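**Q** Each residue of the sequence shown is one higher than the one before, starting from 2 at the first, in the numbering used here. Take this structure first; my questions come after.
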Amino acid sequence: MPSSTMFDTAIGRCGITWTDDGVVAVALPEPSDEAMTDYLAGFGAVERPVDALAADAIERIVALLDGRTVDMSPIPLVLDVSEFDAAVYTVCSGIPRGATLTYGDIARRLGHPGAAQAVGGALGRNPVPIIVPCHRVLGAGTEVGGFSAPGGTNTKQKILGIEGVPGFDEPRLF
């Protein structure tokens, strides 16, 4: 049975679900701890003490959200996703901190130049945001595009600002 816990970050309280084999899900800040618990329970998780695998993943997530450059690739993932979604996550995982790609860029890299919406769907289903940095994918013309995590595009913009992506770290008047 998967384990879960919540932890504090620079953007708020996050959560993680894991097994002995790897991370199953990451939850970005929810409106309440109860909502976070419900979300994590959807992965069959029960709250348990953190083991070494989860502690390492949490440390990396916290560091990234504190603005540090962090390599997420050592975190093992246990994902029950389609082959297409897995391919999207692989390309997305290669986007370095401070950089972005568009949904169309990813579709072209996968050899499916007309599949930008399908890429967006795959990223909307991403169970491990931050580890698979779907926040680094923008719409055409650097539009923020969607973000399925609580807080939506505001959360996405906040994370991009933390990572120093040009245009997202300046204060906004409106």
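For every residue, glycine included, the Cβ atom is placed at its ideal position computed from N, Cα and C. Just so you know, these numbers come straight off a predicted model, no measurement behind them.
#1: May I have the straight-line CA-CA distance separating M7 from P130, to the nearest angstrom?
#2: My assumption, with CB atoms under 8 Å, is that Y40 sits in contact with G13. Please give the rounded CB distance.
#3: What's the gap between the Cα of V47 and the Cα of S4?
#4: Between F169 and A141, what straight-line distance do the alpha-carbon atoms span, to the nearest angstrom?
#5: Could you have a look at I132 and say whether DSSP puts it in helix, strand or coil?
#6: Bridge partners for F8 per DSSP, in chain order?
#7: Quick one: using the 10 Å Cβ neighbour count with 16 as the cut-off for buried, is P134 buried or exposed?
#8: Just how far apart, CA to CA, sit P30 and A88?
**A** Taking the coordinates as given:
#1: Counting from one through the sequence shown, the residue named residue 7 turns up at place 6. Counting from one through the sequence shown, the residue named residue 130 turns up at place 129. Our two residues, M7 and P130, have alpha carbons roughly 15 Å apart in a direct line.
#2: Translated into the one-based positions of the sequence shown, residue 40 becomes position 39. Translated into the one-based positions of the sequence shown, residue 13 becomes position 12. 14 Å between Cβ atoms; not a contact.
#3: The count along the sequence shown starts at 1 and reaches residue 47 at position 46. The count along the sequence shown starts at 1 and reaches residue 4 at position 3. Cα-Cα distance, rounded: 5 Å.
#4: Stepping through the sequence shown from its first residue, residue 169 is reached at position 168. Stepping through the sequence shown from its first residue, residue 141 is reached at position 140. Distance between the alpha carbons of F169 and A141: 16 Å.
#5: Looking up residue 132 in the sequence shown gives position 131. It is coil, neither helix nor strand.
#6: Start at 1 with the first residue of the sequence shown, and residue 8 comes out as number 7. Bridge partners of F8: C15.
#7: Residue numbering aside, residue 134 sits at position 133 when the sequence shown is read from its first letter. Burial call: buried.
#8: Start at 1 with the first residue of the sequence shown, and residue 30 comes out as number 29. Start at 1 with the first residue of the sequence shown, and residue 88 comes out as number 87. CA-to-CA, the gap between P30 and A88 works out to about 26 Å.
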